[in-house]
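Protein chains in written order, with the working numbering: chain F, 459 to 685; chain V, 459 to 685.
This report refers to the structure that appears directly beneath it.
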DNA sequence: ACTTCTTAAGCTGTATACAGCTATACTGAT
DNA sequence: ATCAGTATAGCTGTATACAGCTTAAGAAGT
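Right, dumping it as structure tokens:
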């Protein structure tokens, strides 16, 4: 359940593993926007000095997800509406490229994985399971990255995912049932496309459902500010 | 001529300025692929300790332009052909988005700049002026970035530029006249588009000339390996 | 001459001490 | 009671010492 804290003394934490852990926590909202991240605290948690932690944080800064100010601290950024719009607009354009730029062969492993995700998504409860909702999306993202053969596109797809994730998952908590239904439909359509070895379709499905997700964000987030 | 080394004691170097300087040197081939970058040397040159230099290098690592191995050193990466192909393929797709996702108003400053670049490009000599060729392209890139209003797209456009630049400029040394002629034509077409406030056209022009550049790379770089 | 082991040089990775910046709480005068 | 000024706590930024890894040169045995 909490693999990270259990491995403190098992495996020595590298800069990369610390980077990944912090990034994942930001995505999964364990570190929420506005929260202060203290280098010293993270260092003691991971059992290292501040040096590797600083290194990891420094890289995350490039994703525009945290901001470090001298003398003050490091805080998780609250993305302004315009930045969120930029991320989603770009993501909408990147999605179809997954199909046109990829030549990956879909294997049984992929099919098994999507089947697993569908089953878990169907068991989601409106209340209490927001964590599971997030995890399913997270694993779906990794599955899709595995299908993208162009390394640069994969990198960009990941970057926009990291930037979009925390906003998107916050909305899911509010939207509840609508988000869950949408996810089940998305997974089912993806399964069909994968069975047909149709990566072009995968790209377009992504494009469609990112559009739905963005619509929910505009509805629940942006609208609530203008009232 | 050598502004960087002159400012050693003028302004205190920040991590950001060190990062930018090293990155620019890699792009402009002052640091060529395969070259070893020693943290200690860079530190003494910039008049700081290894700590900020390490920070800067660590961020550049994420652009896949350098590689640091423990006990060995930091070397400028020689991108394999497949990676170059990935960069250019993605860049071809991003180019049209410059037009469709931007709403920037073109000002007289932009027009003056492109006029300046055209004059300088027309004065390029086949021999001896490869440095000027690189600088004109570099400034053109900054001009285009200034036109991209979507912050995420701008970031991605920059990233692909950094990754493509060193390969592209190495080819220009070989191709010589062909590259220069192509640049003059590109700048002239861009000037027309800018005068018409037509960012869509700007995007398509970029798309076209990136294609030409990639064709030259395939001709001079990839072909020479298969003989 | 050749192979193998040892050793040393040179680099990056990490820990730690300290300098510098910022926000806040507190003090004192008005 | 209010406000200006000051002291202080707590954070990040930097310098430095040292540990650990890698490579290559050289010595010793065959």
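Note that beta-carbon positions come from the ideal geometry of N, C-alpha and C, so glycine has one too.
Bear in mind the structure is a predicted one, so any value in this text is a computation, not a measurement.
Beta carbon of residue 494 (chain F) nearer than 8 Å to that of residue 529 (chain F): Translated into positions along the first chain, residue 494 (chain F) becomes position 36. Translated into positions along the first chain, residue 529 (chain F) becomes position 71. Taking 8 Å as the Cβ cut-off, residue 494 (chain F) and residue 529 (chain F) do not qualify as a contacting pair.
Close-in-space but distant-in-sequence residues of the same chain around residue 599 (chain F) (CB under 6 Å, 5 per side omitted): For this step, residue 599 (chain F) is matched to residue 141 along the first chain. Answer for residue 599 (chain F): 619, listed in chain order.
Candidates V:676, V:632 and V:551: closest to residue 614 (chain F) by CA position: Working through the first chain from its first residue, we reach residue 614 (chain F) at position 156. Out of V:676, V:632 and V:551, V:551 has the C-alpha closest to the C-alpha of residue 614 (chain F).
Any chain V beta carbon closer than 8 Å to residue 525 (chain F): As a first step, residue 525 (chain F) must be located in the first chain, where it is residue number 67. Chain V, which has no Cβ nearer than 8 Å to the Cβ of residue 525 (chain F), makes this no.
Coil, strand or helix - residue 668 (chain V) by DSSP: Taking the first residue of the second chain as 1, we reach residue 668 (chain V) at position 210. The three-state secondary structure of residue 668 (chain V), taken from DSSP, is helix.
Neighbourhood of residue 549 (chain F) by C-beta distance below 6 Å, restricted to the same chain and skipping five residues each side: In the first chain, residue 549 (chain F) corresponds to position 91, counting from 1. Same-chain partners within the cutoff: 618 and 668.
Pairwise C-alpha distance: residue 657 (chain F) and residue 554 (chain F): Counted from its first residue, the first chain places residue 554 (chain F) at position 96. Counted from its first residue, the first chain places residue 657 (chain F) at position 199. Put simply, the backbone Cα of residue 554 (chain F) is about 9 Å away from that of residue 657 (chain F).
Reduced DSSP category for residue 511 (chain F) - H, G, I as helix; E, B as strand; rest coil: Along the first chain, one-based indexing puts residue 511 (chain F) at 53. Three-state result, residue 511 (chain F): helix.
Range covered by the beta strand (DSSP E) that runs through residue 744 (chain V): Not covered by the structure: residue 744 (chain V). The range shown for chain V is 459 to 685.
Endpoints, the beta strand (DSSP E) within which residue 526 (chain F) is located: Residue mapping note: residue 526 (chain F) aligns to position 68 of the first chain, counting from 1. Unbroken beta strand (DSSP E) run through residue 526 (chain F): 524-527.
Beta bridge counterpart(s) of residue 481 (chain F) as assigned by DSSP: For this step, residue 481 (chain F) is matched to residue 23 along the first chain. Bridge partners of residue 481 (chain F) according to DSSP: none are assigned.
Sequence-distant residues of the same chain with beta carbon closer than 6 Å to residue 501 (chain F), five excluded per side: Walking along the first chain from the start, residue 501 (chain F) turns up at place 43. Excluding sequence positions up to five before and after residue 501 (chain F), its CB lies within less than 6 Å of the CB of 507, 508 and 511, all in the same chain and listed in chain order.
Interface residues of chain V facing residue 608 (chain F) [CB-CB closer than 8 Å]: Position 150 of the first chain, counting from 1, holds the residue named residue 608 (chain F). In chain order: 544, 547 and 548.
Nearest-angstrom Cβ-Cβ length linking residue 524 (chain F) and residue 515 (chain F), presumed shorter than 8 Å: Here the question's residue 524 (chain F) lines up with position 66 in the first chain. Here the question's residue 515 (chain F) lines up with position 57 in the first chain. Correct: roughly 7 Å between the Cβ atoms.
Exposure label - residue 635 (chain F); buried when at least 16 CB within 10 Å: As a working note, residue 635 (chain F) is residue 177 in the first chain. Label assigned to residue 635 (chain F): exposed.
Whole-Å CB distance - residue 518 (chain F) paired with residue 625 (chain F), under 8 Å assumed: To locate residue 518 (chain F), count along the first chain from 1; it is residue 60. To locate residue 625 (chain F), count along the first chain from 1; it is residue 167. That pair is no contact at about 16 Å.
C-beta contact flag for residue 575 (chain V) and residue 594 (chain V) at 8 Å: Taking the first residue of the second chain as position 1, residue 575 (chain V) is located at position 117. Taking the first residue of the second chain as position 1, residue 594 (chain V) is located at position 136. Yes, the pair counts as a contact, with Cβ atoms nearer than the cut-off.
Cβ-based neighbour list, residue 659 (chain F), same chain, cut-off 6 Å, excluding 5 preceding and 5 following: Stepping through the first chain from its first residue, residue 659 (chain F) is reached at position 201. Its chain contains 651 as the residues whose beta carbon lies nearer than 6 Å to that of residue 659 (chain F), once the 5 sequence neighbours on both sides are disregarded; these appear in chain order.
Amino acids of chain V, ordered along the chain, whose beta-carbon sits closer than 7 Å to that of residue 516 (chain F): Along the first chain, one-based indexing puts residue 516 (chain F) at 58. The answer, in chain order, is 513, 516 and 517.
Neighbourhood of residue 584 (chain F) by C-beta distance below 6 Å, restricted to the same chain and skipping five residues each side: As a first step, residue 584 (chain F) is located in the first chain; it is residue number 126 there, counting from the start. The beta carbon of residue 584 (chain F) sits closer than 6 Å to those of 634 and 635, all from its chain and outside the five residues before and after it, given in chain order.
Coarse secondary structure for residue 486 (chain F), derived from DSSP in three states: The residue given as residue 486 (chain F) occupies position 28 in the first chain. Assigned with DSSP and collapsed to three states, residue 486 (chain F) falls in coil, not helix or strand.
Closer than 8 Å to chain F by CB, residue 541 (chain V): On the second chain, position 83 is the one that residue 541 (chain V) refers to. Taking CB atoms only, residue 541 (chain V) has a neighbour in chain F less than 8 Å away.
Cutoff 8 Å: residue 520 (chain V) Cβ touching any chain F Cβ: Counting from 1 along the second chain, the entry for residue 520 (chain V) is found at position 62. Yes, residue 520 (chain V) lies at the interface with chain F (some Cβ there is under 8 Å from its Cβ).
Residue 614 (chain F) at chain V interface by Cβ criterion, 8 Å: To locate residue 614 (chain F), count along the first chain from 1; it is residue 156. Yes, residue 614 (chain F) counts as interfacial toward chain V.
Proximal chain F residues relative to residue 618 (chain V), where beta-carbon distance stays under 8 Å: Residue 618 (chain V) sits at position 160 when you count from the first residue of the second chain. Under the 8 Å cutoff, chain F gives 610.
Buried/exposed call for residue 527 (chain F), threshold 16 Cβ in 10 Å: For this step, residue 527 (chain F) is matched to residue 69 along the first chain. The residue is exposed, with fewer than 16 neighbouring Cβ atoms inside 10 Å.
DSSP state of residue 559 (chain V) mapped onto helix, strand, coil: Position 101 of the second chain, counting from 1, holds the residue named residue 559 (chain V). Looking at residue 559 (chain V) - three-state DSSP - the assignment turns out to be coil, as it is neither helix nor strand.
Interface partners of residue 551 (chain F) on chain V, CB under 7 Å: Along the first chain, one-based indexing puts residue 551 (chain F) at 93. Correct list: 555.
Among V:664, V:505, V:645 and V:491, the one whose alpha carbon lies nearest that of residue 628 (chain V): Along the second chain, read from residue 1 onward, the residue named residue 628 (chain V) stands at position 170. With distances taken between Cα atoms, residue 628 (chain V) lies closest to V:491.
Collapsed DSSP secondary structure at residue 582 (chain V) in the structure displayed: Here residue 582 (chain V) is taken as the residue at index 124 of the second chain, counted from 1. In the structure shown, the three-state DSSP call for residue 582 (chain V) is coil.
Residue 513 (chain V) versus residue 503 (chain F) - alpha carbon distance: Here the question's residue 513 (chain V) lines up with position 55 in the second chain. Here the question's residue 503 (chain F) lines up with position 45 in the first chain. In a straight line, the C-alpha of residue 513 (chain V) is about 22 Å away from that of residue 503 (chain F).
Neighbour flag for residue 559 (chain V) against chain F, beta carbons, 8 Å: Counted from its first residue, the second chain places residue 559 (chain V) at position 101. At a cut-off of 8 Å, the C-beta of residue 559 (chain V) has a neighbouring C-beta in chain F.
Best match in V:608, V:578, V:521 and V:522 for proximity to residue 561 (chain V) [C-alpha to C-alpha]: Residue 561 (chain V) sits at position 103 when you count from the first residue of the second chain. When only C-alpha atoms are compared, the closest one is V:608.
Three-state secondary structure (DSSP) of residue 494 (chain F): By 1-based counting over the first chain, the position of residue 494 (chain F) is 36. It is a strand residue.
Exposure of residue 489 (chain V), with buried meaning 16 or more beta-carbon neighbours within 10 Å: On the second chain, residue 489 (chain V) is found 31 positions in, with the first residue counted as 1. With 16 or more other Cβ atoms within 10 Å, it is buried.
Beta-carbon spacing of residue 559 (chain V), residue 547 (chain F) below 8 Å: Position 101 of the second chain, counting from 1, holds the residue named residue 559 (chain V). Position 89 of the first chain, counting from 1, holds the residue named residue 547 (chain F). In this structure, residue 559 (chain V) sits near residue 547 (chain F), with a CB-CB distance shorter than 8 Å.
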